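Read the structure below first, then the notes.
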Amino acid sequence: LKPWKRIEPTKVLYKGWRTVIEKTFVRNDGKIVIAETNDPEGMEAAAIISITPEKRVVIARQFRVGPEKILDDLPGGAVDKGETPEQAVVRELAEEAAYKAVRVEYLGKAYKHAYLNMTWHFFIATDCTPIASGQRLDNFEEIEVALISIDELLYNAKNARMSDADAVLLAYEKLIDLKGEE
């Protein structure tokens with residue numbers, strides 16, 4: 008199997024809070040495929056598993072419009088221009104949960120689904136502590152901060168109670184080690 012050959016030009020079909028991009032490819036058998044993808048090409052996002060000194064996980068509990076459910080998500084979001092993914096998660100943790108990341112470690116990256124142009128970066132931080140400034144939420148955000156156990160985080164990842172289960176997989180061994188220290 009070889010990657011398909013991309014044919015330009017790429018078309019932006021819709022640009023709003025989300026962007027829809029049309030890409031055209033030539034498959035290996037010569038057939039043409041037109042695919043609609045989401046988000047601008049090259050876009051990056053990041054999320055962080057934040058652990059307090061008491062081994063509790065900081066959660067950004069929020070309503071998600073796709074599944075129409077309240078999920079226990081990880082603090083995170085888009086990487087702004089001029090920012091590294093690590094800087095983005097430290098900022099997002101402070102904004103969404105009013106916590107400071109202390110020891111931050113990169114876990115890896117993932118692609119959420121086959122039609123998303125965005126790369127997600129995941130981190131874990133230990134010894135996270137609250138900050139006095141409080142949450143600084145975007146206009147469309149309504150987030151309840153919760154502290155859950157590592158076992159609850161693992162349960163959420165296995166039972167569709169969060170959208171960042173891939174981060175938990177990347178951090179699994181570290182989480183088990185931290186759980187053993189409880």
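To get our numbering, take the position in the sequence shown, counting from 1, and add 7. C-beta atoms are modelled at their ideal positions from N, C-alpha and C, and glycine is treated no differently. A quick note: this is a predicted structure, and the numbers were derived from the prediction, not measured.
Comparing alpha-carbon positions, which option in the options lies nearest residue i?
i	options	result
ASP46	LEU185, GLY83, LYS119	LYS119
LYS9	LYS18, GLU29, ARG34	ARG34
ILE138	LYS62, ASP36, GLU102, ARG68	GLU102
PRO74	GLU99, ALA167, ILE66, LEU20	ALA167
LEU161	THR91, LYS181, PRO92	LYS181
ALA67	LYS165, GLY37, LEU185, ARG143	ARG143
GLU159	GLY49, LYS18, ARG63	ARG63
Flag this pair as yes or no: are the beta carbons of residue i and residue j separated by less than 9 angstroms?
i	j	result
THR31	ARG13	yes
THR126	GLU51	yes
ALA121	ALA53	no
VAL65	TYR106	yes
PHE129	ILE56	yes
LEU81	ALA153	no
ILE28	ASP134	no
Tell me the DSSP bridge mates of residue i?
i	result
PHE147	In DSSP, PHE147 forms no bridge with anything.
ASN45	VAL27, LEU123
LEU154	VAL65
State the start and end residues of the unbroken alpha helix (DSSP H) segment that holds residue i.
i	result
LEU4	The requested residue 4 is not part of the displayed model; the chain covers only 8 to 189.
GLU159	157 to 165
Span of the beta strand (DSSP E) holding residue i?
i	result
ALA52	51 to 58
LEU20	12 to 22
ALA132	126 to 133
ALA139	First-last for ALA139: undefined, no H or E at that position.
ARG68	63 to 71
Jot down the residue ranges of each uninterrupted alpha helix (DSSP H) in the region 73 to 116, minimum 4 residues, whole runs only, in chain order.
Counting whole runs of 4 or more residues, the region 73 to 116 contains the alpha helix (DSSP H) stretches 92 to 104.
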